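Beneath this line is the structure, given in structure tokens, with notes to follow.
Numbering (our numbering), first residue to last: 4 to 205.
Structure representation (structure tokens):
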């Protein structure tokens, strides 16, 4: 695997952007893992630039969230079957009841919780949260999320500076483990779950 060629490819950043946008709708897309891996690759090889990965990842996060918000505003929370089933339905109901009272908390914490990102942004749009209030929160949350994940990757990449393949491979399970940990913390501390979290208690 020629990581240097991959890192220097002009397609890396567009693919990153597309993955992060898509993750707003398809939770199976590993956008966090990709951002961490690119952070590790950037720190160990110098490409792609960390200063490019952060804004591209943040922009993808904001665009994806805004698309969900606009869909929620246009179609509501129960038009499609997938909105009325399983975890998405339950997350939508919890987000619907708190989105006006705790908009900032929900927008920030949802970025780290599976299904909650979709639910909160749809609920914000459907619930009529003003765009002038929602968009600055989404921008700040997206930037914080991008900095966090790129930072984690950069630390790993710096630790394996002369072994970019190892750094990239190590970053993947670390990203997954940290994602699960943050998910647990947010679920316990945020609004709506066992202790007010966004997702169901396990």
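The beta-carbon is built from N, C-alpha and C at its ideal position, and this holds for glycine as well. Bear in mind that the values here come from a model prediction, so they are computed numbers and not experimental data.
Simplified DSSP assignment, three categories, for residue i
i, result
"residue 28", "coil"
"residue 54", "helix"
"residue 49", "coil"
"residue 15", "helix"
"residue 33", "coil"
"residue 102", "coil"
"residue 193", "The predicted position of residue 193 is uncertain, since its pLDDT is 48 and thus under 50; no value can be drawn from it."
Proximity below 8 Å, CB of residue i to CB of residue j
i, j, result
"residue 29", "residue 55", "no"
"residue 124", "residue 49", "no"
"residue 147", "residue 57", "no"
"residue 46", "residue 161", "yes"
"residue 61", "residue 145", "yes"
"residue 53", "residue 157", "yes"
"residue 177", "residue 163", "no"
Distance cut-off 7 Å: residue i Cβ against heavy atoms of the ligand ADP
i, result
"residue 111", "Looking for the ligand ADP in the displayed structure turns up nothing, as the structure carries no ligands at all."
Expected contact under 8 Å - CB spacing of residue i and residue j to nearest Å
i, j, result
"residue 3", "residue 64", "Any question about residue 3 goes unanswered here, given that the chain covers just 4 to 205."
"residue 67", "residue 27", "3 Å"
"residue 37", "residue 20", "Not confirmed; about 11 Å, so no contact."
"residue 137", "residue 127", "5 Å"
"residue 121", "residue 70", "Their Cβ separation, rounded to whole angstroms, is 10 Å, which puts residue 121 and residue 70 out of contact at 8 Å."
"residue 8", "residue 51", "At roughly 12 Å, the Cβ-Cβ gap does not stay under 8 Å, so residue 8 and residue 51 are not in contact."
Does the region 40-53 come close enough to the region 142-154 to have 3 or more Cβ pairs within less than 8 Å? In the pairwise beta carbon analysis, the region 40-53 is classified as touching the region 142-154: at least three pairs are separated by under 8 Å.
Identify every run of the beta strand (DSSP E) within the region 110-171, keeping only runs that are complete inside it and at least 3 residues long; order them along the chain. none
Within the chosen definition, does the region 140-151 reach the region 110-120 through at least 3 CB pairs nearer than 8 Å? Verdict: yes, contact present.
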